[in-house]
């Protein structure tokens, strides 16, 4: 008998490349796997509004990246290659041979790097405002937050994350950024930010034709961190949302991703 989907949300831990990896798992063990990869300075709870609908049909795993949340893995050189290797290794530890990848911002670019390096591991890509694919990247508020670690700087970064009409999310995002702003974490996150900046400048326009799997891209039309670029494949524009549409408009984002997966 197939294992029933669990609606209890709890954190688990496993040994990763150099330490403890924090992850959350829901759904049937025998179902297709969906892996959720959060963005810069976030954690797995960024997916809290998407988890239960996805777990009704899929085995859903939300990971916390090195130097984020409760994952204690070292972040290496914070490069895309390192993070793709880390993600590949972690999927192996979790017994995942291949998965549908859902990534936000920096997590979206890491999912792309995994598909580039290990295409057999990626069944599809659902990318939410992926960073490092070219275009404008407005990082100033995040540099200030990482340099100062102050409540005012965290508040300014949180304001930039959401669309102008979604200010109600700012207080909780400010609190989350403050919680992540230990001096050691800020130093590592600043290295991540430099890598994202370098990737954005080097890539120009991303060549989507190199990917061997189906892709959909979701982007808030009010994104003030990485404004909506041109030339995106299978694009779903989330009206009124900023850089975190999976929080600001979680129902629409989840519905689009599930519709995309259901026809594969």
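In the working numbering, the protein residues as written are 14 to 277. C-beta: ideal position from N, C-alpha, C; glycine also.
The Cβ atoms of residue 274 and residue 51 do not sit closer than 8 Å to each other. Residue 233 sits close to residue 142, with the two beta carbons spaced by under 8 Å. Between the alpha carbons of residue 57 and residue 34 lies a gap of roughly 12 Å. Excluding residues up to 5 positions away in sequence, 170, 206 lie with their Cβ nearer than 7 Å to the Cβ of residue 155 in the same chain.
In the DSSP assignment, residue 191 falls within the unbroken alpha helix (DSSP H) covering 183-192. Residue 106 and residue 66 have their C-alpha atoms roughly 25 Å apart. Counting only the Cα atoms, residue 172 lies some 30 Å from residue 95. The distance from the Cβ of residue 32 to that of residue 85 is about 4 Å, consistent with a contact at the 8 Å cut-off. According to the DSSP assignment, residue 264 belongs to the alpha helix (DSSP H) that extends over 263-275. Membership of residue 52 in any alpha helix (DSSP H) is not indicated, and neither H nor E is assigned to it by DSSP. Straight through space, the alpha carbons of residue 243 and residue 220 are spaced by roughly 12 Å.
Annotated three-state conformation of residue 103 is helix, per DSSP.
Bounds of any alpha helix (DSSP H) do not take in residue 77, whose DSSP letter is neither H nor E.
Residue 235 is classed as buried because its beta carbon has at least 16 other beta carbons within 10 Å across all chains shown.
Within its own chain, no residue has a Cβ closer than 6 Å to the Cβ of residue 55 once the five positions on either side in sequence are excluded. When DSSP states are grouped into helix, strand and coil, residue 229 belongs to the strand group. In this model, residue 229 and residue 109 are separated by some 22 Å (Cα to Cα). In terms of Cβ geometry, residue 75 and residue 104 do not form a close pair [threshold 8 Å]. DSSP places residue 82 in the coil class of the three-state scheme, outside both helix and strand.
Judged by their CB atoms, residue 226 and residue 132 are nearer to each other than the 8 Å cut-off.
DSSP lists no bridge partner for residue 222. One thing to note: residue 128 has its Cβ no nearer than 8 Å to the Cβ of residue 140.
The three-state secondary structure of residue 152, taken from DSSP, is coil. For residue 115, the uninterrupted beta strand (DSSP E) run begins and ends at 112-117, by DSSP. Just measuring C-alpha positions, the residue of 197, 174, 135 sitting nearest residue 53 is 174. Classified as exposed, residue 160 has fewer than 16 neighbouring CB atoms from the shown chains inside 10 Å of its CB. Between residue 202 and the set 90, 73, 64, 61, the nearest pair of CA atoms involves 90. According to the DSSP assignment, residue 252 belongs to no alpha helix (DSSP H), since it is labelled neither H nor E.
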